[in-house]
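K.L.:
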Amino acid sequence: MRRFEDTYRHKGLRKKLVDLLKEKGITDERVLDAILHLPRHYFLDSAFDEKAYEDKAFPIAVGQTISQPYTVAYQSQLLEVKPFDKVLEIGTGSAYQACVLAEMGAQVYTIERQKALFDHNKQFSYLKKYPNIKFFYGDGFEGLPTYAPFDKVIITAAAPFIPEKLVAQLKTGGKMVIPLGEGAVQRMLRLTKKSDGGYTEELFDNFSFVPMLGGREGS
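Take the sequence shown: its position 55, counted from the start at 1, is 188 in my numbering, and no numbers get skipped.
Okay, structure coming up:
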């Protein structure tokens, strides 16, 4: 079993990472504080310990990645999370993004379609620190209607279209942050749900995510 140690060196590297994120335009102090306190190297294979605080994505398992810290910070900032917000995350992956949101005080409901990743996270002892994260194995396109409505929805994979079932699970005034597009590059969108069930759209920068897939894998 891997031993987890968060040294002064790790903390110093996180401080440098946060300074870099500020230079890149991240201004939400609660996002920056969450990243400053979260040991990203715990979420990676020990082979990446020396690189964990570079602003890069890295492979985790079953063809998935842990997102670049800037991408995590960017989506978290767009989401405008408030303490005690109910947030639905589509694509748990390494659980790093979920922990950033949990550090910000959100109640996180996160879905993973890959059984291997879901099982890994259920056994990942560090995550027991976060009783405000609930993990689910399932199809992200379906969401979690039993637990709806949500204040916020964040999608951490490239969606080929805006999933109407997820929009339906948002509260009026709730926001969804979604990388939209089927090619190599996606446009980041923020949707705000209106009282008539429709939504407004805001367009932001381009990013590159792994595709959002339906169904469940490995059950």
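Glycine residues also receive a C-beta, built at the ideal position from the N, C-alpha and C atoms.
In the DSSP assignment, what residue or residues form a beta bridge with Val241?
P.N.:
Paired residue(s): Val220, Ile266.
K.L.:
Would you decide whether Lys144 is buried or exposed? Buried here means 16 or more other CB atoms lie within 10 Å of its CB.
P.N.:
Exposed is the call here.
K.L.:
Do Val310 and Leu165 have their beta-carbon atoms positioned less than 8 Å apart in this structure?
P.N.:
No; because the gap between Cβ atoms is not below 8 Å, this pair is not in contact.
K.L.:
Just to confirm the assignment: which complete alpha helix (DSSP H) runs, minimum length 4, are found wholly within the segment 143-194?
P.N.:
List check, alpha helix (DSSP H) in window: 162-170.
K.L.:
Got a sec? Which residues, its chain only, sit under 7 Å from His170 by beta carbon, not counting five neighbours each side?
P.N.:
Hits under 7 Å: Glu236.
K.L.:
Taking the alpha-carbon positions, what's the Leu150 to Tyr186 distance?
P.N.:
Taking the straight line joining both Cα atoms gives about 6 Å.
K.L.:
Using the rule of at least 16 other Cβ atoms within 10 Å of the residue's Cβ for burial, across every protein chain shown, is Met134 buried or exposed?
P.N.:
With a pLDDT of only 42 at Met134, under the threshold of 50, the placement of this residue in the model should not be trusted; the figure read from the coordinates follows. Exposed: under 16 other Cβ atoms inside 10 Å.
K.L.:
Any idea if Glu245 is buried or exposed, counting beta-carbon neighbours within 10 angstroms, 16 or more meaning buried?
P.N.:
Under this definition Glu245 is a buried residue.
K.L.:
Tell me, to the nearest whole angstrom, how far the beta carbon of Leu303 is from that of Pro282; I am working on the premise that it is less than 8 Å.
P.N.:
That belief holds up - the Cβ atoms of Leu303 and Pro282 are roughly 6 Å apart, short of 8 Å.
K.L.:
Assess contact between the segment 262-279 and the segment 217-236, defined as three or more Cβ pairs (one per stretch) separated by less than 8 Å. Is contact present?
P.N.:
Touching, yes, given that three or more Cβ pairs across the two stretches are closer than 8 Å.
K.L.:
Write down the C-beta distance between Gly276 and Leu299 rounded to the nearest angstrom, noting that I regard them as a contact closer than 8 Å.
P.N.:
With 8 Å as the limit, Gly276 and Leu299 qualify as a contact, their Cβ atoms being about 5 Å apart.
K.L.:
Nearest by alpha-carbon distance to Glu92: which of Lys255, Gly330, Ala249 is it?
P.N.:
An answer regarding residue 92 cannot be provided, because it is not within the stretch 134 to 352 covered by the chain.
K.L.:
Please classify Ala228: does DSSP put it in a helix, a strand, or coil?
P.N.:
Ala228 falls in the coil class under three-state DSSP.
K.L.:
CA-CA distance, Tyr259 and Glu138?
P.N.:
Approximately 11 Å, taken between the alpha carbons.
K.L.:
Distance check for Leu322 and Phe294, CA to CA, integer angstroms please.
P.N.:
Those two C-alpha atoms are separated by around 11 Å.
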